[in-house]
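Q:
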Amino acid sequence: MKDIFSLLKQGSKSSLIASIVNFIIAGLKGVAFLLTANVAMFAEMMHSIGDAINQLFVYIGSSLSKKAPTARFPFGFGRLVNLVCLFAIIVVAILSYETIREGIHHIVAPLPTETDTTMLLINIGVLAGAALLESFVLYKAGKEVLQQADQPYDGLKPLTKSFLCIKRAKPATKLVFMEDTVATAGALLAITAILIARFTGFGASEGIASVIIGLMMFYIVYKVFMENAAGVLGEHDPHMEARISQIVLRHAAIKDIKKLFVLKEGDSLHVEVVAEIDPDLTSRQVNDIRNEIEAVIMEQKHVTDVNMEFELDDGQRTWPETQKEMDER
Numbered sequence: 001m002k003d004i005f006s007l008l009k010q011g012s013k014s015s016l017i018a019s020i021v022n023f024i025i026a027g028l029k030g031v032a033f034l035l036t037a038n039v040a041m042f043a044e045m046m047h048s049i050g051d052a053i054n055q056l057f058v059y060i061g062s063s064l065s066k067k068a069p070t071a072r073f074p075f076g077f078g079r080l081v082n083l084v085c086l087f088a089i090i091v092v093a094i095l096s097y098e099t100i101r102e103g104i105h106h107i108v109a110p111l112p113t114e115t116d117t118t119m120l121l122i123n124i125g126v127l128a129g130a131a132l133l134e135s136f137v138l139y140k141a142g143k144e145v146l147q148q149a150d151q152p153y154d155g156l157k158p159l160t161k162s163f164l165c166i167k168r169a170k171p172a173t174k175l176v177f178m179e180d181t182v183a184t185a186g187a188l189l190a191i192t193a194i195l196i197a198r199f200t201g202f203g204a205s206e207g208i209a210s211v212i213i214g215l216m217m218f219y220i221v222y223k224v225f226m227e228n229a230a231g232v233l234g235e236h237d238p239h240m241e242a243r244i245s246q247i248v249l250r251h252a253a254i255k256d257i258k259k260l261f262v263l264k265e266g267d268s269l270h271v272e273v274v275a276e277i278d279p280d281l282t283s284r285q286v287n288d289i290r291n292e293i294e295a296v297i298m299e300q301k302h303v304t305d306v307n308m309e310f311e312l313d314d315g316q317r318t319w320p321e322t323q324k325e326m327d328e329r
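For the sequence shown, UniProt numbering gives the first residue as 1, with consecutive numbering after it.
(1) Distance, Cα to Cα, G214 vs I257?
(2) Which partner residues of N307 appear in the DSSP bridge assignment?
(3) Over what stretch of residues does the alpha helix (DSSP H) that includes L156 continue unbroken?
(4) Give every residue of the same chain whose Cβ lies closer than 8 Å to the Cβ of A68, excluding the five residues on either side of it in the sequence, and list them in chain order.
(5) Measure the C-alpha to C-alpha separation of E98 and G129 and round it to an integer number of angstroms.
(6) Check E299 in the structure and name its three-state DSSP category.
(7) For M326 and A141, I'd like the C-alpha separation in whole angstroms.
(8) Alpha carbon to alpha carbon, what distance is there between H270 and A204?
(9) In its own chain, which residues sit with a C-beta less than 6 Å from the C-beta of G61, not counting the 5 before and 5 after it?
(10) Does the stretch 40-53 come close enough to the stretch 222-235 to have 3 or more Cβ pairs within less than 8 Å?
(11) Please name the residue, chosen from S135, A253, L249, that lies closest to residue 330 on a Cα-to-Cα basis.
(12) Once you ignore the five residues that flank M308 on each side, which residues in its own chain have a CB closer than 6 Å to its CB?
(13) Straight-line CA distance for S135 to K157?
(14) Verify whether the separation of the beta carbon atoms of K255 and I277 is less than 9 Å.
(15) Note the first and the last residue of the continuous alpha helix (DSSP H) segment covering I122.
(16) Quick one: grab the DSSP three-state call for E235.
(17) Along the alpha helix (DSSP H) that carries K66, what are the first and last residues, could you check?
(18) Taking 7 Å as the limit between beta carbons, can you name the residues of its chain near S19, skipping five residues before and five after?
(19) If I measure Cβ to Cβ from N22 and keep anything under 6 Å in the same chain, skipping five residues before and after, which residues do I get?
This is the structure in structure tokens:
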């Protein structure tokens, strides 16, 4: 039991917070939907339920992925978070479909426009509160995105600059950030649809808002599925490969890089390097070089192991030249 709690402590905090917040929001939206029968509120409720379930699965998956390697699984459980995300996204896909289907139904046969001011205030109040809570979670997730991308995260940067760094975030953090972006936008869209229906009599606006929210959810399904499918298969990290190549080539004894790739295993990175060295070096010197370079690589974020091998310099350049060499040339 202690091992389980220890693993849960290592899970994605942003996923856990987002799940709790979205369950609370879904409950509020559900009550509002029962009181008002507002289709835009129904779509928002479904969206919040999907987000809450998804983020809970991601939290559990990100926790279990930290489990230490075993004899049966020597490379660890890093890809487990990708598998959990793929499973959870099926739930979101089903909810997305239901949201779009319900929206189309109310576009074809819109309900009478709500004229009761009390019901209007309930809908607007719940959605406004949801937007504030979702924006809070979005800010926290954006802050984690910038931290994981080694970027400053003060002020409003988590809500602005984080969109430019999303590709460098961990799978769990990326998912929370994307889902809460859609959730915040969806709440504001639902408020707009309700106001349009109330003051213009265009009842189909709520159905249109439901369809748009459902399509945004489907976009998340597509992005999450593609990225986590790649993670399950095993994909390389070009950004980290470029950084590690600079570390290796910076060492005076390294003549060239024959092969280098960084494999993602969930949040963990496995590094494989084959470098070329001078044939006159002794075995002790080669071992010292390996230890020095591996120590620096292991200091990089999320790198869990390094396998470095050497070949004799063949006099031909294999790895692309560095920026320094291009500037000198």
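Glycine included, C-beta positions come from ideal geometry on N, C-alpha and C. Since this is a predicted model, take the numbers as computed values, not measurements.
A: On the basis of the coordinates in this document:
(1) Straight across, the Cα-Cα distance linking G214 with I257 is about 48 Å.
(2) N307 has E272 as its beta-bridge partners, per DSSP.
(3) Run containing L156: none; DSSP gives neither H nor E here.
(4) Excluding positions up to five away in sequence, the list reads G76.
(5) Cα-Cα distance, rounded: 24 Å.
(6) Three-state DSSP puts E299 in coil, outside helix and strand.
(7) Low local confidence applies: a pLDDT of 40 at M326 is under 50, so the model's placement there is unreliable, and no value is given.
(8) A204 and H270: Cα-Cα distance of roughly 52 Å.
(9) Cβ within range, chain order: L80, V81, V84.
(10) No contact exists between the stretch 40-53 and the stretch 222-235.
(11) Since the first and last residues shown for the chain are 1 and 329, residue 330 lies out of range.
(12) Correct list, in chain order: V273, R290, E294.
(13) Approximately 13 Å, taken between the alpha carbons.
(14) It is a contact, given that the beta carbons lie within the stated cut-off.
(15) Run containing I122: 117-148, per the alpha helix (DSSP H) assignment.
(16) Taken through DSSP and simplified to helix, strand or coil, E235 comes out as coil.
(17) Unbroken run through K66: none, as it is neither H nor E.
(18) Leaving aside the five residues that flank S19 on each side, the residues in its chain whose CB is nearer than 7 Å to its CB run, in chain order, A52, Q55, L56, Y59.
(19) If we look at N22 and ignore the five residues flanking it on each side, its Cβ neighbours are S48, D51, A52.
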